[in-house]
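Worksheet: one structure, shown below.
Residue numbers (our numbering), protein chains in the order written: chain A, 1 to 477; chain B, 1001 to 1477.
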């Protein structure tokens, strides 16, 4: 993946930049020694690396504003960084950019149970938001796999989801308001602990804009009362198509599980070898979980099990205890790690209409043979959010490029069947060139014109979301 | 409410405009005789009237694009109109504008039960979307009071809600994709039947933008499986504060009724006289409805009734049959009509954090005495969406202006307590001058810059959403 040439003039002004940053931040919040900036050279899309010019770790909105004013004045690109868990290269720096990390901004500012909301600084990790309200039996719903590490800032930037977003929605459905600093250093308030917005819904626009429109420093989030209980069912089928049909039938029946997870045989095998979760050796496996009181759970599972049985499962195991539930989830939660044990892999992220699952899974299998690269599928099936893992050998010349080409073809397939390039990971650098497959030139032009409004000089999170040439042209304009 | 002076040059070019419009539309789709354009002189904010220059009734996206190209070229402002049910003057024309009505565009284009979605032309009425899927036991969730008449186009423009949006969300939560024609006549596709968006979430931005960014001609909407059943409970309390506290406690308890409706004594009395629904004569009345299977309903109502009893209700009536349910809802559904029988009224629409309900209701009562105008409150309490009805006498000089001033004060109060100028009616002309109370100049500037992107000449739905002088400046720029 190509990155733009660094601006030599900017590189030469590093000492001036550092001096000015140290005027507005504590000394230990400005990182500029090469050995230390290396800590910010990549995110979870580890195939690509590039140390930034420098990094800052501000503690509050005012410090963020001061930093941005300096960068705006000097023309220094800024790459906002949550916890650096992006799988799409969303927080990958360019060599002439400043990393603005929000890790120190992790305070809970207000908890308001009466209005079911919490206000936090956005460097706070996803799971610790739930942690802050669990004594009153509340939780924050979006649950990315990286929730132990990932920051709310990144969740907002990428509009993150998680296994349970089938019922609770993604970040945009659980975000009530933000404080955002523009590239010019202005602090603006958007939304709040109330329904709807007067005028245009800028909150919806900011959520998912990949840190390109402003730096979100504080957020008001919806919290929910924890359900009384939850119960998963494990279902095994002898083909991907049949399992896909079961998913489709459950959705059509109108019951709403909190999660419908899907794993195919390569993932099941790798997971079993790694975690020993007791999964059956079959072609496709579903984990369907429902929540509520015992009565509600029994009722919903009644409908779901009836559908499951109609399609002749090779395994149908309803959890009877907390231990059994944990075991059913153990394999799913270990799947990515298990795949990483046996191979390098690239994790894709596309969404499709649920009814297209059987077709898309079949086509991925065929393409896997054509490319000569194995694929494992483990994903949130209920909302059509696919995560094909393409296996490759990082040490074999050309394998990464082959893998990238295969990945691009899979994402184009998602778009073809009426889906979308991304589900929850965002575009980042990974999919920026595919945006032309999703959008007509006019559509893309409007998105870029929106970026012009917030960041006319195109300094925020450069070289991402849009095709590299388009970004470069825009920045030069 | 002041409207801008019409542009005399544009008025003089009416014959040319009509001729050109008739070249791209059937004769009966271009309305220009003064007697006929009067049909479009107002919407449901009936206090303000102004016939447009002309009106068109296109049948499809191509015709809309052809009309907009002509208007863009000639510099003619365009006011998109759904069914004209806006309570905020959202479809009120200016004298030099063309009304673009979507009433003829009411086809169902596709129903996809597997993906739980329906594609319609946006002139289709809200209720007839549900009508198109009811044979398979599905429905479209947002349910504005005007749902028999109002069009999906207007629902999208205003991000409409309804009594049941506490559980199902407002339009933006149920909208999957749109076809939109820009003022320049370009047709763009936004979103689709899949999760998330690649790049910026323009769909969220379009929804609620009051027809100022483009004309939405087709929409893909989420449909849901009908719940097995529903059961309302009627609760009477001897003060607004206590009833407000009950609402707050239910929300905090984490149960999620589909609706929590609130009526105060003036509304209860007017409604009883009009509809005879058998409501108790008390200070405040709540209707709380839950949905699901009988077991689910019993369980949720168990929690709710326990909270209700703790606050010493003067009445607590759980529906025991479909007839009793209908009777409980009858009064609520007649409330606006009942109030209209006894007085002219202005219906406001603001949202507040639910915990502020008791305080805001008390303040409205005090302000009512100060202004010497009576107020009835009937509203969606569960999501803090208030609809104070200010009673006035349209034939008494000065009463309308007094009522407007009182209304503005109530909306400022909503903003003060952390709420918002609008819940579901939008800003329109009604609240455009209050936008400066909600937003700082920088915040408003960004919204207007977003409008610049989509409609640089500010021709779409003029004189609305933003303060009149701001719009005029922007248009002249």
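For every residue, glycine included, the Cβ atom is placed at its ideal position computed from N, Cα and C.
Just so we're clear, the structure is a prediction, and the values are computed from it rather than from any experiment.
Given this structure, state the Cα-to-Cα distance separating residue i from residue j, to the nearest angstrom.
i, j, result
"residue 278 of chain A", "residue 314 of chain A", "14 Å"
"residue 1162 of chain B", "residue 1426 of chain B", "13 Å"
"residue 455 of chain A", "residue 191 of chain A", "20 Å"
"residue 6 of chain A", "residue 77 of chain A", "10 Å"
"residue 1134 of chain B", "residue 1255 of chain B", "27 Å"
"residue 1202 of chain B", "residue 1370 of chain B", "44 Å"
"residue 79 of chain A", "residue 93 of chain A", "6 Å"
"residue 1268 of chain B", "residue 1389 of chain B", "13 Å"
"residue 1311 of chain B", "residue 243 of chain A", "50 Å"
"residue 4 of chain A", "residue 461 of chain A", "12 Å"
"residue 95 of chain A", "residue 48 of chain A", "12 Å"
"residue 1185 of chain B", "residue 439 of chain A", "18 Å"
"residue 391 of chain A", "residue 402 of chain A", "11 Å"
"residue 140 of chain A", "residue 222 of chain A", "7 Å"
"residue 1142 of chain B", "residue 1291 of chain B", "15 Å"
"residue 31 of chain A", "residue 62 of chain A", "19 Å"
"residue 1358 of chain B", "residue 306 of chain A", "47 Å"
"residue 112 of chain A", "residue 188 of chain A", "22 Å"
"residue 1127 of chain B", "residue 1148 of chain B", "5 Å"
"residue 207 of chain A", "residue 1463 of chain B", "29 Å"
Please list, in chain order, all residues of the same chain as residue i whose beta carbon is under 8 Å from its beta carbon, the five residues on each side excluded.
i, result
"residue 1436 of chain B", "1444 and 1467"
"residue 107 of chain A", "120, 121 and 124"
Is residue i near the ligand NAP, going by C-beta to nearest heavy atom under 7 Å?
i, result
"residue 470 of chain A", "Annotation note on the ligand NAP: not contained in the displayed structure, which lists no ligands."
Near residue i, which residues of its chain fall below 6 Å by C-beta distance, leaving aside the five closest residues on each side in sequence?
i, result
"residue 979 of chain B", "Nothing can be reported for residue 979 of chain B: it is not among the residues displayed for chain B, which extend from 1001 to 1477."
"residue 1265 of chain B", "1283"
"residue 1144 of chain B", "1150, 1160 and 1162"
"residue 325 of chain A", "232 and 319"
"residue 1130 of chain B", "1139 and 1140"
Please tell me whether residue i and residue j are closer than 8 Å, where the distance is taken between their beta carbons.
i, j, result
"residue 114 of chain A", "residue 1146 of chain B", "no"
"residue 103 of chain A", "residue 90 of chain A", "no"
"residue 1270 of chain B", "residue 1364 of chain B", "no"
"residue 181 of chain A", "residue 154 of chain A", "no"
"residue 87 of chain A", "residue 45 of chain A", "yes"
"residue 1294 of chain B", "residue 1229 of chain B", "yes"
"residue 360 of chain A", "residue 263 of chain A", "no"
"residue 1260 of chain B", "residue 1288 of chain B", "yes"
"residue 1301 of chain B", "residue 1309 of chain B", "no"
"residue 1331 of chain B", "residue 1275 of chain B", "yes"
"residue 1157 of chain B", "residue 1204 of chain B", "no"
"residue 429 of chain A", "residue 1 of chain A", "yes"
"residue 494 of chain A", "residue 224 of chain A", "With chain A covering only 1 through 477, there is no way to say anything about residue 494 of chain A."
"residue 40 of chain A", "residue 52 of chain A", "yes"
"residue 1348 of chain B", "residue 1297 of chain B", "no"
"residue 1458 of chain B", "residue 1432 of chain B", "no"
"residue 373 of chain A", "residue 408 of chain A", "no"
"residue 138 of chain A", "residue 226 of chain A", "yes"
"residue 447 of chain A", "residue 1200 of chain B", "yes"
"residue 1453 of chain B", "residue 216 of chain A", "no"
"residue 1220 of chain B", "residue 1177 of chain B", "yes"
Output needed for residue i: all residues of its chain with C-beta closer than 7 Å, excluding positions within five of it in sequence on either side, in chain order.
i, result
"residue 399 of chain A", "392 and 393"
"residue 472 of chain A", "4"
Item to check | Validate contact between the segment 1098 to 1109 of chain B and the segment 1055 to 1075 of chain B using beta carbons, cut 8 Å, 3 pairs | outcome: yes
Item to check | the segment 1416 to 1426 of chain B / the segment 1065 to 1084 of chain B touching (three or more Cβ pairs under 8 Å) | outcome: no
Checklist entry - Per the contact definition of three or more C-beta pairs closer than 8 Å, is the segment 462 to 476 of chain A in contact with the segment 1032 to 1048 of chain B? => result no
Next on the checklist: Under 8 Å, with one C-beta from each stretch per pair, do the segment 1009 to 1025 of chain B and the segment 17 to 25 of chain A reach the 3-pair mark?
Outcome noted: no
Next on the checklist: When you compare the segment 1233 to 1241 of chain B with the segment 229 to 243 of chain A, are there three or more beta-carbon pairs, one atom per stretch, that lie closer than 8 Å?
Outcome noted: no
Checklist entry - With contact counted as at least three CB pairs below 8 Å, one residue from each stretch, are the segment 165 to 173 of chain A and the segment 375 to 386 of chain A in contact? => result yes
Checklist entry - Which full runs of the alpha helix (DSSP H) of 4+ residues lie inside the segment 1177 to 1249 of chain B, going along the chain? => result 1202 to 1206
Item to check | Touching by the beta-carbon criterion (3+ pairs, under 8 Å), the segment 1348 to 1363 of chain B and the segment 1395 to 1405 of chain B | outcome: no
Item to check | Every unbroken alpha helix (DSSP H) inside the segment 390 to 425 of chain A [4 residues or more] | outcome: 399 to 416
Item to check | Complete beta strand (DSSP E) runs within the segment 1079 to 1123 of chain B (minimum length 3 residues, chain order) | outcome: 1098 to 1101, 1108 to 1112 and 1117 to 1121
Item to check | Complete alpha helix (DSSP H) runs within the segment 311 to 366 of chain A (minimum length 4 residues, chain order) | outcome: 322 to 342
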